[in-house]
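Structure, as structure tokens:
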Amino acid sequence: MALAIALAFIEVPSLQASEQKSDQPAARMVVEARELVYDKDKDTVSAKGAVQIYYKGRLLEADHVVYDRKTERVYAEGHARLTERDGSIVRAERFDLTDDFKDGFIESLQVDTPNNTHFSAPHAERAAGETTVFDHGAYTACEACKDDPSRPRTWQLKAKRIIHDNTEKMIYYEDATLEFLDTPIAYVPFWSSPDPSRARQSGLLTPVFAYRSQLGFGVGQPIYWALAPDYDLTITPTYFTSQGPFVSAEFRQRMENGSYWIKLEGTHVGNPGAFAIAPYGAGDRIWRGSAQSAGEFFLNDQWRFGWDVTALSDRFFLQDYKQHNTLYQNYFFREASSTAYLTGQGDRSWFDLRAYYFQVLSASDVQSQQGVAHPILDYDRAFDIDPAKTGGIGGQLTVNANFTSTSAQTANYESIQPRTLDSIYGLYNVCQIYAPAADRSKSGCLLRGIGGDYQSGTIETSWKRKVIDPIGGVWEPFAFSRFFGSFLNYDTQGVAPIYNNVYLPMPNSAQGAFVNGADNAFHGQATPGVGAEWRYPLLARSSLGDMVIEPIAQIVARPNQSSIPSLVNLDAQSLVFDDTNLFDWSKYSGYDRFETGTRVNYGGQASMTFVNGAYVNALVGQSRQIAGANPYSVADAANVGLQSGLDTRTSDIVGRLAINPIDNLTFVAKGRFDSSSLAARRIDLFTSYKLQPLTLELHYANYTAQPEIGFDVRRQGMAVNGRWDIAKNYFLAGNVTFDMSRYLYNPLTTQQFTTSLFGVNTTTLTSVNVTGAAPVFSIAAMGLGGGYHDECTEFTLNYTSIYAPQASTGLPARNQTILLSLKLRTLGEIKTGVGLGSVLLNDGVKAQP
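Right, here's the structure in full:
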């Protein structure tokens, strides 16, 4: 059966035009329907059957529409639907509108916006096309269930009246109730929120709640000001029942070439006695706060400048107010670092200039020992050499440069074999004799950092080229030259008021014993070197898959000169010999130490790729000093190199095994073994399983004792992380970290710390904690949580328990916290933290190892 489609153009007079008696023609309303009926007596136009009326960017659709030309009103019913200019869709049983669709009444309506938000009400009124008032309305950002649309939305906000103001881009709610799955959970007499189409809107944000025993209950009200399109401000006044007011202010600005933010926090402490006394806490401070700022600006497509700085009134501020401060994420945060930088990156070059300042956050650290870097400069550049212009030499030339300038007020000494703490507080690492032993392996004191000024500069140039011989061997000859210079000016007058068992303070003057007395001294060294690396990959194919076996050998020849070109070693103290640096030309981590003499590195690796996608890789290797003194057996002021596995002429054996039996399962094992007995010196294991709905990760580490560099007992630990997506929208997560060496500290810390200084008896707080015994599986940190998430809701609830000093006493304890977060799309986010208090660790260990 054929259907007739009627199309008509109706002249609609403009109200504004008629009032002003303009000569402009009336706007035209385009009507499309299966049937159009003109009633000249009533002066109406009726449209029936799939009616579509387009007028001034709005589209009205219905089964039946009547346009009354006298009253200039439009009536629509039957699957009625109005599409707004912004894409919002209004569905209703019946529309009663003015002829421009701007004003009128709507019955049983539902509004769907382009931002996937939804309004509904039994009755609504439109005014000027910009404001809609919903009587007994509901608002939600949740979608209806596709399988069962009748199921309640995850959440909705019901109100006696909802006013949606498109001019202000705001939504106002009167007598509002928040419902979850049709169950009321909260009531507010008045509420407002920005229109979802508006990203920034001044007003009140979601309140912040917190609780901690030292602070009491806290509630904060963030106030947001969109001051301009490119900058805004949030001020959050908070009140804690036990400590009084706390204020936070954050200013943000975005510019054409970057952005920055500044955050200030401060409080006048109402009850300082709730916190531990100094030096275990900040119980002596009334005014406390912080200033933080970060920013980055692109100067052009290659250069950028930025900063990230933090200033604190005291080291305990972030810890004490951690529930209210997002910077302090966990208790393993040991310092707040501040930096300013200038970086540039080309196609094959890198420039980095930056300064650093560190503020300690732990009670056991000494602020005056922290080095300030002013500045550190790094530059790298690589060049390709054209063989045609160099007589067939070719290859790649690399230039690397570094300049470092640092200073600190007092020297950083570390007692070893065993570690001893100060006699007053039992917090600080002190030496009983501030001097190294003639045999550095028997020293009881190390010098980790200089009290004074230190500058060093390094320029390295290197050349290398890969050549494949006729039988498939891959050769890489290389040559390099290194120029290093340093200047040391250490302080001889300063003293840190930290006393050892004979009440000797920590003196800067003792540094001379570690650096051979040299002060105001320049030290330099030029080190040339040549070498070659050879690899011979062998490919074997079978029905199981492809196997590659690759023997590797490398020789590096340098003069037999001192491996300590500088008087001190500040940046090369982290020496870990493993598979990652086996074939490095120098295995030190920084510039203050460098390999010398002639050394060969050798080993091999094998890889197997199976037809089913499984993969196995194994590597084993060793290093040997074949000429000149072994640089790793020569101790510097920090004993770096000793007990590293490289300090004998033939090194320990290092290896790696990586297995991927399926795409979602990974196993990696790394180790270092004694070259004679194959006893394990260092073991690292990692495995991960990721196959929905389960994700698991396990880390295990076991490092033998290295007393000559400060590790008196074996270090052993294990960490397990997991997540289980128990349903489409629900998950559980947990983690636990075991300190499996803590029990080894028991016999080292069983004495009481009652001392007499200048005739005054002093008992350290930590002496209370030396009773009991730590288990082998001591829980250093633990977390358990779960949550729900969908397109409109994110909810998480987490419990954490972690080693940390007790805030009121400074004693080692386990602090427990519950964190709750609820985020409702378009409405905001609620975060609250509740401190459950701390439990003292009476496990025989008086301080954290």
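Counted from 1, the sequence shown has number 323 at position 323 by full-length UniProt numbering; the numbering is strictly sequential.
We put the beta carbon where it would ideally sit given N, CA and C, even for glycine.
Since the model is a prediction, treat every value here as computed from it, not as a measurement.
(request) State the beta-bridge partners of residue 307 as determined by DSSP. (result) 295 and 340
(request) Report, in whole angstroms, the separation of the C-beta atoms of residue 369 and residue 310, which I expect to be a contact under 8 Å. (result) Wrong, their Cβ atoms sit about 19 Å apart, outside the cutoff.
(request) Could you check if residue 630 is buried or exposed, using at least 16 other CB atoms within 10 Å of its CB as the buried criterion? (result) buried
(request) Closer than 7 Å by C-beta to residue 422: which residues in its own chain qualify, once you throw out the five before and the five after it? Chain order, please. (result) 428, 430, 498, 499 and 500
(request) Quick one: using the 10 Å Cβ neighbour count with 16 as the cut-off for buried, is residue 460 buried or exposed? (result) buried
(request) For residue 538, count neighbouring C-beta atoms within 10 Å of its own C-beta (all shown protein chains included) and say buried if the count is 16 or more, exposed if not. (result) exposed
(request) Identify the continuous beta strand (DSSP E) that holds residue 820 and give its terminal residues. (result) 812-824
(request) May I have the straight-line CA-CA distance separating residue 660 from residue 714, to the nearest angstrom? (result) 30 Å
(message) Given this structure, state the Cα-to-Cα distance separating residue 593 from residue 587, to the nearest angstrom.
(response) 9 Å
(message) Below 8 Å, how does it come out for the stretch 119-132 and the stretch 95-111: are there three or more Cβ pairs, yes or no?
(response) yes
(request) Look up residue 245 in the DSSP assignment and say whether it is helix, strand or coil. (result) strand
(request) Give the secondary structure of residue 709 by DSSP, where H, G and I count as helix, E and B as strand, and everything else as coil. (result) helix
(request) Assign residue 129 to one of two classes, buried (16 or more other C-beta atoms within 10 Å of its C-beta) or exposed (fewer than that). (result) buried
(request) Specify whether the stretch 606-625 and the stretch 682-697 touch according to this definition: at least 3 beta carbon pairs, one from each stretch, less than 8 Å apart. (result) no
(message) According to DSSP, is residue 735 part of a helix, a strand, or is it coil?
(response) strand
(request) Could you tell me whether the stretch 693-701 touches the stretch 716-731, using the rule of 3 or more Cβ pairs below 8 Å? (result) yes
(request) Assign residue 851 to one of three DSSP states: helix, strand, or coil. (result) Nothing about residue 851 can be read from this structure; the chain reaches only from 1 to 849.
(message) Using 8 Å for Cβ pairs, my map puts residue 562 next to residue 525. What's the rounded Cβ distance?
(response) 7 Å
(message) DSSP three-state label for residue 631, please.
(response) helix
(request) Starting from the N-terminal side, write out each stretch of the beta strand (DSSP E) that is 3 residues or longer and does not extend beyond the stretch 371-454. (result) 372-384, 396-408, 412-415 and 445-449
(request) Hey, could you find the ends of the beta strand (DSSP E) residue 691 is sitting in? (result) 680-691
(message) Quick check on residue 438: buried or exposed, where buried means 16 or more other Cβ atoms within 10 Å of its Cβ?
(response) exposed
(message) Quick check on residue 761: does DSSP put it in helix, strand or coil?
(response) A caution first: residue 761 carries a pLDDT of 41, below 50, which makes its placement in the model too unreliable to give a value.
(message) By the DSSP assignment, the alpha helix (DSSP H) with residue 318 in it spans what residues?
(response) 317-320
(request) Measure the C-alpha to C-alpha separation of residue 648 and residue 346 and round it to an integer number of angstroms. (result) 42 Å
(message) Could you tell me which whole beta strand (DSSP E) segments of length 3 or greater appear in the stretch 51-107?
(response) 58-68, 73-83 and 89-98
(message) According to DSSP, simplified to helix, strand and coil, what is residue 355?
(response) strand
(message) I'd like to know if the stretch 37-52 and the stretch 64-73 are in contact, where contact means that at least 3 CB-CB pairs between them fall below 8 Å.
(response) yes
(message) Could you check whether residue 495 and residue 420 sit closer than 9 Å to each other, using their CB atoms as the reference points?
(response) no
(request) For residue 369, name the three-state secondary structure that DSSP assigns. (result) helix
(request) Measure the C-alpha to C-alpha separation of residue 31 and residue 179 and round it to an integer number of angstroms. (result) 42 Å
(request) Using three-state DSSP, classify residue 743 as helix, strand or coil. (result) helix
(message) So, with DSSP's three-state summary, where would you put residue 526?
(response) strand
(request) Count the other CB atoms, across all protein chains shown, that sit within 10 Å of the CB of residue 623; report buried if there are 16 or more and exposed otherwise. (result) buried
(request) Check each candidate in 490, 284 and 263 and name the one with the smallest Cα separation from residue 273. (result) 284
(request) Find the nearest neighbour of residue 194 within the set 653, 169, 269 and 426, judged by alpha-carbon distance. (result) 169
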